[in-house]
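Take a look at the structure set out below.
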Amino acid sequence: MGGSGAEFDFIVETSEEFLNRSLRLFYEESIIPRVLEGRNSLGLPKLLQDYGSVDYRVVFTEPLVVDTLTGGVAHVVFRADVELGLGVLVAGFRVGGVIEGKPVYDRVKMDLDLNVVRFHLDYVQVLDSVDIPSYIVGVVNDVVRDAIMMGLNALDHIHVSPIIGSLNLPEMPEGRSHQLPVRFGNVEIIGSDAISLGFDIATRGDGAKTSLENLSLENDLAVALSQSGVNKVVDFWWTRTTHPKSMPFRGRVDFGNIKEIMSFLSNYSVELLPKLISLGFLEIDYNIVDIWLDYEGVVELSKPAVALNETSMSLEALALVSVTGFLRVELDVALKFDTSGPIPDILTPWEDDAVVAKGRRVFEVWRYRANKKRIELFDSTASLAVDDEQRIMLEVRGCCLDVGLGWRLPQPLLVRLERNIERDIRRAFPAIPMSPSVIRSQFEESDLVMELDINRIVHSEGALIVHADVRYGK
42 MGGSGAEFDF IVETSEEFLN RSLRLFYEES IIPRVLEGRN SLGLPKLLQD YGSVDYRVVF
102 TEPLVVDTLT GGVAHVVFRA DVELGLGVLV AGFRVGGVIE GKPVYDRVKM DLDLNVVRFH
162 LDYVQVLDSV DIPSYIVGVV NDVVRDAIMM GLNALDHIHV SPIIGSLNLP EMPEGRSHQL
222 PVRFGNVEII GSDAISLGFD IATRGDGAKT SLENLSLEND LAVALSQSGV NKVVDFWWTR
282 TTHPKSMPFR GRVDFGNIKE IMSFLSNYSV ELLPKLISLG FLEIDYNIVD IWLDYEGVVE
342 LSKPAVALNE TSMSLEALAL VSVTGFLRVE LDVALKFDTS GPIPDILTPW EDDAVVAKGR
402 RVFEVWRYRA NKKRIELFDS TASLAVDDEQ RIMLEVRGCC LDVGLGWRLP QPLLVRLERN
462 IERDIRRAFP AIPMSPSVIR SQFEESDLVM ELDINRIVHS EGALIVHADV RYGK
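Its first residue numbered 42, the sequence shown is counted upward by one per residue in my numbering.
Next comes the structure, spelled out in structure tokens:
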């Protein structure tokens, strides 16, 4: 079937192939019990009235396999060896059949399970090693089946996959109040080869949701993120995150052409400064060693807005930037005392300058300021990645922004400065969570580790569908 059409903030859909790979690994890791043991009382026929109970031991000899997904249940094929003890009589059997399980979501353990609803035994084979009178075997045929079913009834559910591994988002304070309030909505079998789970986030938010429907799985699983879900995750995270929303930056821009900057500075009466300070009695003889611009500032970030468009995804945000620039020059300086004072040298043809001091000095030539400059960020090339906790994260890649300082500097220098500040703004912007942990990265019952590997991203009616494979390892 194509799904009920019920809408949720986000959906996780798993393929039949992934379910079987998980069942095989869980069998190998003994996450699903291989052995079921116990004792049951039986309504035995008169021939066996001395035996009031049966001891059973069921050993699964192969991994469980999902054969079909139909009628709202999963049909799981099993093979097992069964040992039954009737007093002093011990009989061994090889059995096979089908377990019917209804997909359910364990809200406490956050697992996708199959709740066992019934069993079908396809065959019961007496093992050759069993030495039991044939007339007893004939009489207790039904008893054997009942005993085996009782043993299998101990398997009330089957682990299939850990879905939603953690409710913690990155860079958040400790405590339950800071965990994303994810609420399970529904689980359905979609088509004949997938199980789909819908989840909501219990916070206020705007935007369209996405419905339970066939996501055309070609990988292990698909995650459908709706605009509503993304808005809620970003809002919840931004208001609580410990990531600094105000970050300092500093840097330096060197001049490639000293003559160019000197030509620029010649528009200003820099050379008159020492004369004014000393009432004209001091002069400077200098050679330029280096000239550069130091800058420092603070960028304040606003909450980003992520838009899931029909064919693309984009990010918008606002940054307030305050920056101060210091134009500095390093000189080899000779400080001379002009005995003629403020009288121009052209009127004193004799040598009237005496060297007072020589050395290398750094001077601040000019200071520039921009305060709370509003800069709009737009990124249509943001990419998705998966972090260590298997959360889907949006990473800012190529923000389009225009610093536009307008400072009186040579154009090449101003361009380099603004590019540096743009780079600092991008670095200040964090990776943004788009979802909670899709699967658990570590399975508690073993040292099995699971990782998502994004294969492709599809934009569909304003939703973002992430198709991924799951890698198991240790």
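Note that the Cβ used here is the ideal one computed from N, Cα and C, for glycine as well.
Given the structure is predicted, the values throughout are model-derived calculations rather than measurements.
Separation of residue j from residue i, as counted between CA atoms
i	j	result
Val131	Ala121	17 Å
Ile473	Asp234	33 Å
Gly297	Met491	51 Å
Ser477	Ile52	The sequence as given places Pro at residue 477; Ser does not occur at that position. Rounded to whole angstroms, Pro477 to Ile52 spans 12 Å at the Cα level.
Arg415	Leu256	41 Å
Arg65	Ser363	58 Å
His508	Val479	12 Å
Tyr409	Glu337	11 Å
Gly206	Leu342	30 Å
Glu254	Asp465	43 Å
His161	Gly246	47 Å
Leu334	Glu371	11 Å
Leu442	Asn461	12 Å
Leu105	Leu493	23 Å
Val444	Val511	42 Å
Arg159	Phe134	20 Å
Val178	Tyr164	Bear in mind that a pLDDT of 49 at Val178, under 50, signals an unreliable position, so the number given afterwards is only what the model happens to contain. So the two alpha carbons sit approximately 15 Å from each other.
Glu463	Met475	24 Å
Thr102	Val76	9 Å
Gly232	Leu258	11 Å
Val374	Trp407	18 Å
Leu208	Val223	7 Å
Gln220	Leu210	7 Å
Val271	Leu435	11 Å
Ile204	Pro471	26 Å
Extent of the continuous alpha helix (DSSP H) to which residue i belongs
i	result
Ser237	Run containing Ser237: none in the alpha helix (DSSP H); it sits in the beta strand (DSSP E), Ala235 to Ile242.
Arg75	Note, Arg75: premise wrong, no alpha helix (DSSP H); not H, not E.
Within 7 Å, strictly: CB atoms of residue i and residue j
i	j	result
Glu417	Phe367	no
Phe49	Lys250	yes
Ala423	Leu356	yes
Glu212	Thr109	no
Val482	Ile72	In the sequence as displayed, the identity of residue 482 is Ser instead of Val. Not closer than 7 Å, so no.
Phe225	Arg148	yes
Leu446	Ala469	no
Arg457	Val347	no
Ala504	Asn227	no
Val117	Val107	yes
Ala21	Val340	Absent from the structure is residue 21, since the part of the chain shown begins at 42 and ends at 515.
Leu125	Tyr97	yes
Ala115	Leu153	no
Gly248	Ser218	no
Arg369	Val403	yes
Phe67	His200	yes
Reduced DSSP category for residue i - H, G, I as helix; E, B as strand; rest coil
i	result
Phe277	helix
Pro453	helix
Ala555	Examination of residue 555 is not possible in this model, given that the chain is present from 42 through 515 alone.
Ala121	strand
Lys413	strand
Leu320	Reliability fails at Leu320, whose pLDDT of 41 lies under 50, so the model's placement of it is uncertain and the value that follows must be treated cautiously. If DSSP states are grouped into helix, strand and coil, Leu320 belongs with coil.
Phe484	coil
Phe404	strand
Leu334	strand
Glu459	helix
Phe470	coil
Arg369	strand
Leu105	coil
Gly112	coil
Leu418	strand
Gly270	helix
Terminal residues of the beta strand (DSSP E) in which residue i lies
i	result
Arg135	Leu130 to Asp147
Asn496	Val490 to Ser501
Arg293	Ser287 to Asp295
Glu212	Neither: Glu212 is in no beta strand (DSSP E) and is coded neither H nor E.
Ile26	Residue 26 cannot be examined here, being either before or after the span of the chain that is shown, 42 to 515.
Asp50	From DSSP, Asp50 is part of no beta strand (DSSP E); its letter is neither H nor E.
Ser476	Ile473 to Ser478
Gly226	Val223 to Ile231
Asn156	Asp152 to Val167
Val264	Leu262 to Leu266
Leu253	Leu253 -> no beta strand (DSSP E), and no H or E assigned at all.
Gly514	Ala504 to Gly514
Val201	His198 to Pro203
Ser207	Per DSSP, Ser207 belongs to no beta strand (DSSP E) and is neither H nor E.
Ala423	Per DSSP, Ala423 belongs to no beta strand (DSSP E) and is neither H nor E.
Below-7 Å beta-carbon distance, residue i vs any chain B residue
i	result
Val437	In the structure shown, chain B does not exist; there is a single protein chain.
Problem set entry | Contact the stretch 132-148 vs the stretch 257-265: 3+ CB pairs below 8 Å | With fewer than three CB-CB distances shorter than 8 Å, the stretch 132-148 does not count as touching the stretch 257-265.
Exercise. Three or more C-beta pairs closer than 8 Å, one from the stretch 271-282 and one from the stretch 58-77: is that the case here?
Worked result: Fewer than three Cβ pairs drawn from the stretch 271-282 and the stretch 58-77 lie within less than 8 Å of each other, which leaves the two stretches out of contact.
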